[in-house]
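The sequence shown begins at 3 in my numbering and counts up one residue at a time. A virtual CB, placed ideally from N, CA and C, is assigned to each residue, including glycine. These notes are about the structure you will find just below.
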Amino acid sequence: MLKNKNIILGVCGSIAAYKSAILVRLLVKAGANVKVILTADAANFITPLTLATLSKNPVYTQYFEADTGVWSNHVELGLWADFMIVAPASANTLAKMATGICDNLLTAVYLSAKCPVFVAPAMDLDMWKHESTRHNISALLSYGNQVIKPDSGELASGLYGEGRMAEPEEIVSFLTGLVQSTLPLLGKKIMVTAGPTYEAIDPVRFIGNHSSGKMGFALADHFAALGAEVTLITGPTAEKSNYPLTRIDVVSAAEMLKACKANFPAAEITVMSAAVADYTPVTAAEQKIKKNTSEFSLELKKTEDILATLGQMKTDSQILVGFALETENEEAYAKAKLVKKNLDLIVLNSLNDKGAGFKKDTNKITIFNKSSEKTVFEMKSKTEVAEDICNEILKLV
Ligand code: CTP
3 MLKNKNIILG VCGSIAAYKS AILVRLLVKA GANVKVILTA DAANFITPLT
53 LATLSKNPVY TQYFEADTGV WSNHVELGLW ADFMIVAPAS ANTLAKMATG
103 ICDNLLTAVY LSAKCPVFVA PAMDLDMWKH ESTRHNISAL LSYGNQVIKP
153 DSGELASGLY GEGRMAEPEE IVSFLTGLVQ STLPLLGKKI MVTAGPTYEA
203 IDPVRFIGNH SSGKMGFALA DHFAALGAEV TLITGPTAEK SNYPLTRIDV
253 VSAAEMLKAC KANFPAAEIT VMSAAVADYT PVTAAEQKIK KNTSEFSLEL
303 KKTEDILATL GQMKTDSQIL VGFALETENE EAYAKAKLVK KNLDLIVLNS
353 LNDKGAGFKK DTNKITIFNK SSEKTVFEMK SKTEVAEDIC NEILKLV
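Shown next as structure tokens:
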């Protein structure tokens, strides 16, 4: 959930600042990019070196570092962040945030930030209960900030009650829960096919194609990043996914057909980007074929068109997306395939476009929908193309 997210962690002067080290560690482990801002008092509780080492980024403490002459741009930091967490948030900083006082870098970044802001207060129980703190918390909530409530327990003062900063694990799960709840494909079951298929001629030879699987893996990863439960059915490929998804490895068109038919009924969305062999040897020799003759011919039979089969199985609530790889009459062929195979969208790759096609890291696509509406995209990386395809699918969800 937090992979590649930019997070500003603001740390205030509180004994709970020791927990910030664990928080940074957990955020970095979850794949986030973390930049820490310490208030002057916080630096008395935890050293910038500890947090810089854990976050793998310089720690910010003031607008202007007199010894280095470096000026930290609070606006840039605020705009960089996908999330800002203030943990521990002291009563003093909460009051400044509630009233717009920005006399230090942390509060100036807060005022500049456009991202969701979370505060995890830490203070003595009477300070937490005080009318002015209640008032400040209400103000922060009314600005759309989120408050991760403190826990009850023994406090640094020796008193017992509410005021202990939430544990770093709770803060991370609060954040991931919130990110998760905003994902547009949360819990959606999506099936994706990728890569080539290999059709055996004998135990050592096969008929294959140049598909690398990059497009299908980029799609599967993007769907998973948006919260979908992805089943990725892939032919032989060196590609790897960075997301937790169900991967089913197949070799031949027949194996891919079997896996697709078994998984399709549960899939709410299916995207077929695999380059499936159209023909397969009528029989695969059991032993290696020897080169005894000067000529050799191979009898091939048509494979079953998996996409067309799924198009027949499709119910009204399912979305089916196919690809068309063409070298001539591109639009006409793509539109005909959309109708013939009962698809909701077809993604056209034309090998006449530079930067499109197999093995490349880029692709150039045109998408047609059932109403024959056409959307043309620029040449982009396959990751960006996956995002474009996903956005077109989201219009149908
Ligand atoms: N496809 C499939 N099963 C096959 C062949 C193709 O599921 N046996 C799917 C591909 O995954 C792709 C789409 O059909 O989504 C179009 O593939 P393409 O090779 O462009 O076209 P074909 O339908 O095979 O037609 P032709 O080769 O005649 O252009």
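Quiz prompt | Option nearest residue 191 by Cα separation, candidates 356, 349, 268, 47 | solution = 268
Exercise. Quick one: give me the first and last residue of the alpha helix (DSSP H) that residue 96 is part of.
Key: 93-101
Quiz item: Where does residue 284 land, buried or exposed, given buried means 16+ other C-beta within 10 angstroms?
Solution: exposed
Quiz item: If you run the structure through DSSP and keep just helix, strand and coil, what is residue 2?
Solution: With the chain covering 3 to 399 only, the question about residue 2 has no answer from this structure.
Self-check item: Continuous alpha helix (DSSP H) assignments of at least 4 residues falling wholly in the segment 132-202
Solution: Here the runs fully enclosed are 133-144, 170-183.
Quiz prompt | Same chain only: Cβ atoms within 7 Å of residue 418, ignoring 5 sequence neighbours per side | solution = The structure shown has nothing for residue 418, since the chain only spans 3 to 399.
Quiz item: Using the rule of at least 16 other Cβ atoms within 10 Å of the residue's Cβ for burial, across every protein chain shown, is residue 138 buried or exposed?
Solution: buried
Quiz item: Between the Cα of residue 93 and the Cα atoms of 76, 144, 130, 231, which residue gives the shortest distance?
Solution: 130
Quiz item: With a Cβ-Cβ cutoff of 9 Å, do residue 120 and residue 173 count as a contact?
Solution: Cβ distance < 9 Å, so residue 120 and residue 173 count as in contact.
Exercise. Leaving out five residues on either side along the sequence, give the residues of the same chain with a beta carbon under 6 Å from the beta carbon of residue 97.
Key: Around residue 97: 138.
Practice problem: Confirm, please, whether the CB-CB distance from residue 330 to residue 404 is below 9 Å. | Solution: This structure cannot speak to residue 404, because the chain is shown only from 3 to 399.
Quiz prompt | residue 1 and residue 234 closer than 9 Å at C-beta | solution = Any property of residue 1 remains undetermined from this structure, which presents the chain solely from 3 to 399.
Quiz item: Hey, which unbroken runs of the beta strand (DSSP E) at 3 residues or more fall wholly within the segment 298-328?
Solution: Fully contained in the segment 298-328 are the following beta strand (DSSP E) runs of length 3 or more, in chain order: 302-304, 321-328.
Exercise. Check residue 237 in the structure and name its three-state DSSP category.
Key: Assignment of residue 237 by DSSP, reduced to helix, strand and coil, places it in the coil class.
Exercise. For residue 224, count neighbouring C-beta atoms within 10 Å of its own C-beta (all shown protein chains included) and say buried if the count is 16 or more, exposed if not.
Key: buried
Quiz item: Three-state secondary structure (DSSP) at residue 223?
Solution: Note: residue 223 maps to helix in three-state DSSP.
Quiz item: From residue 25 to residue 231, what distance separates their C-alpha atoms?
Solution: 28 Å
Quiz item: For residue 83, which residues of its own chain have a beta-carbon under 7 Å away from its beta-carbon, when the five flanking residues on both sides are left out?
Solution: 8, 9, 10, 115, 117
Quiz item: Who are the Cβ neighbours of residue 239 in its own chain at under 6 Å, not counting the five residues just before and after it?
Solution: Non-local C-beta neighbours of residue 239 in its own chain, meaning closer than 6 Å and more than five positions away in sequence, comprise 197, 215, ordered along the chain.
Quiz item: Given that a residue counts as buried once 16 or more other Cβ atoms are within 10 Å of its Cβ, and exposed if not, what is residue 212?
Solution: exposed
Quiz item: residue 152: which of 144, 145, 176 sits nearest, CA to CA?
Solution: For the residues 144, 145, 176, the minimum Cα distance to residue 152 belongs to 176.
Exercise. State whether the segment 195-209 contacts the segment 258-276, with contact taken as three or more CB pairs (one from each stretch) at a distance under 8 Å.
Key: yes
Quiz prompt | Three or more C-beta pairs below 8 Å linking the segment 65-72 and the segment 30-49 | solution = Between the segment 65-72 and the segment 30-49 there are fewer than three inter-stretch CB-CB distances shorter than 8 Å, so the stretches are not counted as touching.
Quiz item: Is residue 260 near residue 252, with beta carbons less than 9 Å apart?
Solution: yes
Quiz item: Do residue 86 and residue 112 have their C-beta atoms closer together than 9 Å?
Solution: yes
Exercise. Could you name the residues of the same chain whose beta carbon sits closer than 7 Å to that of residue 313, not counting the 5 residues immediately before and after it, in chain order?
Key: Hits under 7 Å: 322, 343, 344, 345.
Quiz prompt | First and last residue of the uninterrupted beta strand (DSSP E) at residue 376 | solution = 376-378
Self-check item: Which of helix, strand or coil DSSP assigns to residue 52
Solution: helix
Quiz prompt | Distance CB(residue 319)-CB(residue 270) smaller than 9 Å | solution = yes
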